[in-house]
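This report concerns only the one structure given below.
Residue numbers (this note's numbering), protein chains in the order written: chain A, 8 to 119; chain B, -10 to 103.
Structural data, given as structure tokens:
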């Protein structure tokens, strides 16, 4: 079974706009990661945020984590058509092997 | 190779056939994971290896699913007597060590059972 939910399920924006995706989870975590998946391809790791961190940046990506609400958000600024993909959050729980529990994903379409 | 390699990329099997899916992880990576991704869903964990030891197989859906990694590098996921509900993309991932590092995913094997 999957960890939680992501919303929205689908998002369509114009190039240059910002895209925000949210993820909720159920159990205590050690870290939360975001992955991107282009159609028919494998997942690509984007960013990892640890449970003791609240915000992290990587290029045009900004991730926040609120452990009290068990939620995270991914912000992509100044979106490009190449950002069109599905985005998944994944959690790693404390003391485990690195097994990830994924959300159901948000499908992002960026129109040129 | 530079990344995680999976073969075949596509597999069509008749119901009842056995299939074997191969994963070549990044050289030197200790941890190897198998995930199953149904259409429109996020990946779901199947099993985990640390070197050659299968430490977690809690996600395998039935005893028709079997995975091995005999020499701690290449892994094979075998599905016996395939059924239509086994149709999915099977993803392999590896990471440098056990624990909390990022995982590198292969492109997956799309299995269609007809």
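Think of the CB as a built atom: it goes at the ideal place given N, C-alpha and C, for glycine as much as any other residue.
Proximal chain A residues relative to residue i, where beta-carbon distance stays under 7 Å
| i | result |
| --- | --- |
| residue 91 of chain B | 40, 52, 55 |
| residue 87 of chain B | 104, 105 |
Cβ-based neighbour list, residue i, same chain, cut-off 7 Å, excluding 5 preceding and 5 following
| i | result |
| --- | --- |
| residue 38 of chain A | 55, 56, 57, 58, 99 |
| residue 112 of chain A | 13, 93, 94, 95 |
| residue 87 of chain B | 19, 20, 39 |
| residue 53 of chain B | 68, 69, 70 |
| residue 86 of chain A | 20, 22, 23, 24, 25, 26, 117 |
| residue 48 of chain A | none |
| residue 74 of chain A | 58 |
Contacts of residue i in chain B (Cβ-Cβ under 7 Å)
| i | result |
| --- | --- |
| residue 34 of chain A | Correct list: empty, because the minimum Cβ distance to chain B is about 14 Å. |
| residue 48 of chain A | 96 |
Residue i and residue j closer than 8 Å at C-beta
| i | j | result |
| --- | --- | --- |
| residue 40 of chain B | residue 61 of chain B | yes |
| residue 29 of chain A | residue 83 of chain A | no |
| residue 85 of chain B | residue 8 of chain B | no |
| residue 91 of chain B | residue 52 of chain A | yes |
| residue 4 of chain B | residue 73 of chain B | yes |
| residue 119 of chain B | residue 65 of chain B | One cannot answer for residue 119 of chain B here, as it falls past the ends of chain B, which runs -10 to 103. |
| residue 25 of chain B | residue 32 of chain B | yes |
| residue 77 of chain B | residue 27 of chain B | yes |
| residue 94 of chain B | residue 50 of chain A | yes |
| residue 18 of chain A | residue 115 of chain A | yes |
Residue i: contacting residues in chain B (beta-carbon distance under 9 Å)
| i | result |
| --- | --- |
| residue 107 of chain A | 22, 24, 32, 34, 82, 92 |
| residue 116 of chain A | Per Cβ cutoff of 9 Å: no residues; residue 116 of chain A is ~15 Å from chain B at best. |
Residues that residue i contacts on chain A, provided the C-beta gap is smaller than 8 Å
| i | result |
| --- | --- |
| residue 6 of chain B | Neighbours of residue 6 of chain B on chain A: none; closest Cβ ~23 Å, over 8 Å. |
| residue 39 of chain B | 104 |
Neighbour list for residue i in chain B, Cβ cutoff strictly below 8 Å
| i | result |
| --- | --- |
| residue 69 of chain A | What residue 69 of chain A touches in chain B: nothing, since even the nearest Cβ is about 18 Å away. |
| residue 110 of chain A | 31 |
Beta bridge counterpart(s) of residue i as assigned by DSSP
| i | result |
| --- | --- |
| residue 101 of chain B | B:1 |
| residue 76 of chain A | Paired residues: none, contrary to the question. |
| residue 94 of chain A | A:43, A:113 |
| residue 27 of chain A | A:82 |
| residue 63 of chain A | A:70 |
| residue 14 of chain A | A:29 |
Cβ neighbours of residue i in the same chain (closer than 8 Å, five flanking residues each side left out)
| i | result |
| --- | --- |
| residue 107 of chain A | 40, 97, 98, 99 |
| residue 0 of chain B | 8, 10, 98, 99, 100, 101 |
| residue 119 of chain A | 22, 88 |
| residue 32 of chain A | 10, 11, 39, 77, 78, 79, 96, 98, 108, 110 |
Same chain, Cβ closer than 6 Å to residue i, neighbours up to 5 away in sequence not counted
| i | result |
| --- | --- |
| residue 45 of chain A | 92 |
| residue 75 of chain B | 68, 102 |
| residue 29 of chain B | none |
Chain-ordered neighbours of residue i on chain A, where CB pairs are closer than 9 Å
| i | result |
| --- | --- |
| residue 44 of chain B | 104 |
heavy atom of the ligand NAP below 7 Å from residue i C-beta
| i | result |
| --- | --- |
| residue 87 of chain B | In terms of ligand content, the structure shown is empty, and the ligand NAP therefore cannot be addressed. |
Query raised in the report: What are the start and end residues of each continuous beta strand (DSSP E) run of 3 or more residues lying completely inside the segment 14 to 72 of chain B, in chain order?
Result: 20 to 26, 33 to 39, 42 to 45, 54 to 57, 64 to 68
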